[in-house]
Structure formats: C-alpha cells, structure tokens
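Protein chains: 2
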Amino acid sequence: MKLEKITEESRRRYEDACGTAHALEILGERWALLIMRELMLGPKRFGDIRTSLPGISANVLTQRLEGLEKSGVLRRRKLPPPASVQVYELTEWGRDAEGIIKTMGFWAARSPNHDPTLPLSPVSLLLSFRTMFGADEARDERVTLEFRFGEEVFTCRVAAGELINGRGEADAPDAVIAGTPEPVAAVVYGGVDPDELVWSGALKIDGDVEALRRFAGFFELPEKAATT
Amino acid sequence: MKLEKITEESRRRYEDACGTAHALEILGERWALLIMRELMLGPKRFGDIRTSLPGISANVLTQRLEGLEKSGVLRRRKLPPPASVQVYELTEWGRDAEGIIKTMGFWAARSPNHDPTLPLSPVSLLLSFRTMFGADEARDERVTLEFRFGEEVFTCRVAAGELINGRGEADAPDAVIAGTPEPVAAVVYGGVDPDELVWSGALKIDGDVEALRRFAGFFELPEKAATT
DNA sequence: CGGCATCCGGGAAGATACTG
DNA sequence: CAGTATCTTCCCGGATGCCG
Chain A
0 MKLEKITEES RRRYEDACGT AHALEILGER WALLIMRELM LGPKRFGDIR
50 TSLPGISANV LTQRLEGLEK SGVLRRRKLP PPASVQVYEL TEWGRDAEGI
100 IKTMGFWAAR SPNHDPTLPL SPVSLLLSFR TMFGADEARD ERVTLEFRFG
150 EEVFTCRVAA GELINGRGEA DAPDAVIAGT PEPVAAVVYG GVDPDELVWS
200 GALKIDGDVE ALRRFAGFFE LPEKAATT
Chain B
0 MKLEKITEES RRRYEDACGT AHALEILGER WALLIMRELM LGPKRFGDIR
50 TSLPGISANV LTQRLEGLEK SGVLRRRKLP PPASVQVYEL TEWGRDAEGI
100 IKTMGFWAAR SPNHDPTLPL SPVSLLLSFR TMFGADEARD ERVTLEFRFG
150 EEVFTCRVAA GELINGRGEA DAPDAVIAGT PEPVAAVVYG GVDPDELVWS
200 GALKIDGDVE ALRRFAGFFE LPEKAATT
C-alpha cells in the first residue's frame, strides 16, 4: 500500500523543510563530517582517510563516500598517470562546509568535557588554526612555518593579520617543525614551551624556535562554558 | 580484560581531539540538533517539542534530553506555580550553538536536493529569517510584523538594517499574520504573493499587506550549488 | 594494498502500548 | 501530559574474503 512505500523511503528522514534538518540528512550520519574535514585541505585516497580516522571501518567509509558523492558533496577522481590512483575530493559546495566545521569546532572547544590531549589528525590541526586564529594578536606580525607530519607537509603563513595555511612546502620558512600533531597542539594551545618537546624528542625544529613561540601567541582557546 | 573495558566505554566515541569531533559527540546523534533548534527561542515542554518534531518518538526524545542535559547544553526547570510544569531550556552555552544551526541551514539551502515545501516548525521559520536576512536590502527600512501560529506568537522587527525576532506579541505591528509556517515561507522564500494565500485561506492578514511584501524582499535563498 | 561485498553481533532508532 | 516498557528494524562496527 501507499503507506508502506512512504515509510520505506522516508522512515529515516526528518521530513522538515528547515535547512538544518536537510544538512543533517546529508552529513549527520556518523563519520560523515569528519570525512569531509579530512578532505578539506585537498584530495585523499581511501586508505589515507582511514589512517586519519582511526576507528572507522572500511565498509562504513565506503558507505559514507557513496552517500556523500550522491549528495554532491564530493567526487571520486582518477589521478592521471603515472599515479593512476583514485582519490576523493570535495566539490566546491563541499568545501563551503568548512564554515560548519569551524563553527562546530569553536563551539565545542568551550565544552567542559573537551579533552584536547586526544590524538589529532594533521588536517584537523591545520583547520583548528584557521578556527582559533586571533587576528588582533597577529596584527603587524609576519611568520612562516612549515609543518612536517610524516609524509604530509603543510605551510602556515601569517601576514597582515591574516593566516593562510594549506598543503605544500613553505617558501623560506622561519622554522620547519617535524613530528606529530599532538605536541604541536600542546605548544600552540597548551602553552608548552617548544624546547621542552624538542628535548623529549617529540618535536624536531629546524630554524628559529622563537618563530614558533610567536606563532603560538596568535592562538587562544575560548574560555570554558559555565557548567551551571 | 583491559581491551574489553576500553571498547565498552569508547566504542561509540571518536577519540579525536578535534573540536568538531567533540561537537559531534554532543549533538551529532539523531534529532539532537533539531531539539536544540526548537529550544533556541525559549523553553519548551516535552510535548511541545514532540509536536514540533513529528517523527521523533517519545523514548528517543527522553534519551536526547537526558544526554544533552548531561552535556550541559540544556537543563530542565520547573516553572513556578501556578504553572508548575516542567520545561527544558538551553543553557547559555547551548544558545551559543545558534551559529551552528544557522551555518548548517545556510549551507544546506544550496543543496540541489533541498525541498523547501516540506512541513516547517514555527521556530524553524523564525531562525531561517535570522539566517537569510539580507542587511543590504533592508537598509533604511522599518517593518514590524506579528506572526501567529496557533498558540505560538512571534515578533519580527526590522530597523536600521537589522532583524530582531523572538517570541511574544508585537508592539504596534504593521501587520499581523496568522496561519501556519508553510505559507509564510512560500511568501518570503517562494515569491508567492500574500493575497493569493489570503484568498485560498492559508493565511489571515490583519493590517498592511504591503508590509509583508516589503518584508519578503529582505530575504533571498542562496543560489543552488553546481551539481558538476 | 586499495576498494568493495558479505556475514554477524550489538546497540541505537522507530512504533506502539502502557502507566502515574 | 510526560514519560516508561517492549518489541522490531536497521545501522554501526568488526572480520573475512574477493578482485584488480
């Protein structure tokens, strides 16, 4: 009967004209937004997404990629030879979801239960820089840093009160920082001195350590929300 | 063994320091953000939330309210006598999530699959006004409207290029519009002429119909994202 | 190895009925 | 009206295996 057909198709939908509800239908499933986060700074391969998202299983990742592709948020693309591998990349509209990721990230940073010491993916850290960057503190400052997390290399350039970051090696960086994202987060958000982490072997810094210290000064976590 | 304990506690968490991931743990479950949306313009009772969210079942709503209260996003409060009923209201931090709702709503309005003719809750409509308001179009304009959706009454005031809306009757409104949210959305976002809906009986307008027409001119849906 | 299909166990969501 | 209890369905997560 008709009723059955309706329930078949729509049982799991919100049936709500509100844009927020529609957004949730697109990226409200588990892992979906985090997959988009990982693609926000450029295309990635299936396995590289998995590495950045420990905990997601292969079949769920497959399902999400299918669903997000169908929604028009991302597309699969075959890299030209000699690479000839398949990558997933966001569409222009998909990239526009960066605002969602940043807004949610900023909001949740105020949660009393937020634990910033958990593992962090490289892309995640770079996006958090965009989210937490304080233009006022950076006014009239200039710093260029290169971050190396294994194979993944990123550049962060601060100039004219603006932060621009993304994939790729830096042109004449003040310092090159190599390691994992967690100690970098400890420096930038936890107020840990870089030297401490160099001594412990968690970070390797080539160039001006002071540049990283100044860089860290441009960022501040928002104060926790009142629990009352 | 230890492994079992870890999985018990953390099977369903992302184990990710990224703020976005933490936000998803708080409000990424089904219905959670829509419940917050319904509370965004003021406290509500259990049954009233249910009415605004057709499709949610009572037990799921109970679970979400418990979870969101535990997260510090909302609290339950007993209204003083003679009302003496229990309501749910957002905490200050919970209200700060309005930015998430608006960002997601604006983004999803560009979806090729968005169907704006579905049912719409009153709060949803009012929040969409905040999201889609065009300050440029409203410069030097002044309009005050009162919307009556059954028992729920809202005021929208445009002045000095700003929109302020919320619950409550308007002071000297240019027009009072009574009906359901859907035809109002048709006027504001669909370009339907108010008179048409008055004739069909979908809307009842007391006062200056032209005020509603001008009001509608302040809003515009963003253009759809390219499907390529 | 990368991508995807399949099977299974557990748990969350949905529908309905029931209770104070 | 405000939930609770119960049952079913389906999604998530893990494991395995196939295929290029």
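In the order they appear, the protein sequences are chains A and B. FYI, the numbering for the first sequence is 0 to 227, going by numbering that gives the first Met the number 0. FYI, the numbering for the second sequence is 0 to 227, going by numbering that gives the first Met the number 0. Note that the Cβ used here is the ideal one computed from N, Cα and C, for glycine as well. Treat the numbers as computed from the prediction; the structure is a model and nothing was measured.
Item	Value
Per DSSP, the bridge partner or partners of Gly206(A)	Ala174(A)
Rounded C-alpha distance that separates Tyr87(B) from Gly41(B)	9 Å
Cα-Cα separation, Leu33(A) to Ala20(B)	7 Å
Interface residues of chain A facing Ser70(B) [CB-CB closer than 8 Å]	Ser110, Asn112
Endpoints, the alpha helix (DSSP H) within which Tyr188(A) is located	180 to 189
Beta-carbon proximity of Leu220(A) to Pro180(A), cut-off 9 Å	no
Those residues which DSSP pairs with Gly54(B) across a bridge	In the DSSP output, where bridge partners are listed per residue, Gly54(B) has none listed.
Beta-carbon spacing of Val152(A), Arg166(A) below 9 Å	yes
Under 7 Å by beta carbon: chain A residues contacting Thr226(B)	Gly71
For Arg12(A), the first and last residue of its enclosing beta strand (DSSP E)	Segment: none, Arg12(A) is in no beta strand (DSSP E) and carries neither H nor E.
Backbone CA spacing between Gly200(B) and Arg138(B) [nearest angstrom]	32 Å
Interface partners of Leu202(B) on chain A, CB under 9 Å	Here the premise fails: no neighbours, minimum Cβ distance about 17 Å.
Rounded Cβ spacing between His246(B) and Gly46(A) (contact assumed at less than 8 Å)	Look at the range of chain B in this structure, 0 to 227, and you will see that residue 246(B) is not part of it.
Cβ-based neighbour list, Lys23(A), same chain, cut-off 8 Å, excluding 5 preceding and 5 following	Reading off the sequence shown, one finds Leu at residue 23(A), where the question assumed Lys. Same-chain partners within the cutoff: Tyr13.
Option nearest Met131(A) by Cα separation, candidates Gly149(A), Asn164(A), Pro118(A)	Asn164(A)
Cβ-based neighbour list, Arg49(B), same chain, cut-off 8 Å, excluding 5 preceding and 5 following	Ile55, Ala57, Leu60
Proximity below 9 Å, CB of Pro172(A) to CB of Thr143(A)	yes
Contacting positions in the segment 147 to 162 of chain A - beta carbon closer than 7 Å to chain B	none
Glu91(B) at chain A interface by Cβ criterion, 9 Å	yes
Interface partners of Asp15(B) on chain A, CB under 9 Å	Leu33, Leu52, Pro53, Gly54, Leu117, Pro118, Leu119, Ser120, Ser123
8 Å contact criterion, which Trp106(B) and Ile204(A) should meet: CB distance rounded	With 8 Å as the limit, Trp106(B) and Ile204(A) do not qualify as a contact, their Cβ atoms being about 38 Å apart.
In DSSP terms, what Gln85(A) is bridged to	Lys77(A)
Per-residue contacts from Ala20(A) into chain B (C-beta, under 7 Å)	Leu33
Closest by C-alpha distance to Trp92(B), when choosing among Pro80(B), Gln85(B), Leu73(B)	Leu73(B)
Cutoff 7 Å; reference Lys1(A); Cβ partners in own chain excluding five residues on either side	For Lys1(A), the pLDDT reaches just 30, beneath the cut-off of 50, and the residue's location in the model is therefore unreliable, although a value from the coordinates is still provided. If we look at Lys1(A) and ignore the five residues flanking it on each side, it has no Cβ neighbours.
Coarse secondary structure for Glu145(A), derived from DSSP in three states	strand
Beta strand (DSSP E) segment containing Thr226(B), residue limits	Unbroken run through Thr226(B): none, as it is neither H nor E.
Counted within 10 angstroms of its Cβ, other Cβ atoms place Ala159(B) as buried (16 or more) or exposed	exposed
Spatial neighbours of Arg147(A) in its chain, beta-carbon cut-off 6 Å, leaving aside the 5 residues before and after	Ala177
Gly149(B) classed as buried or exposed, judged by whether at least 16 other C-beta atoms fall within 10 angstroms	exposed
Same chain, Cβ closer than 8 Å to Gly190(B), neighbours up to 5 away in sequence not counted	Ala215
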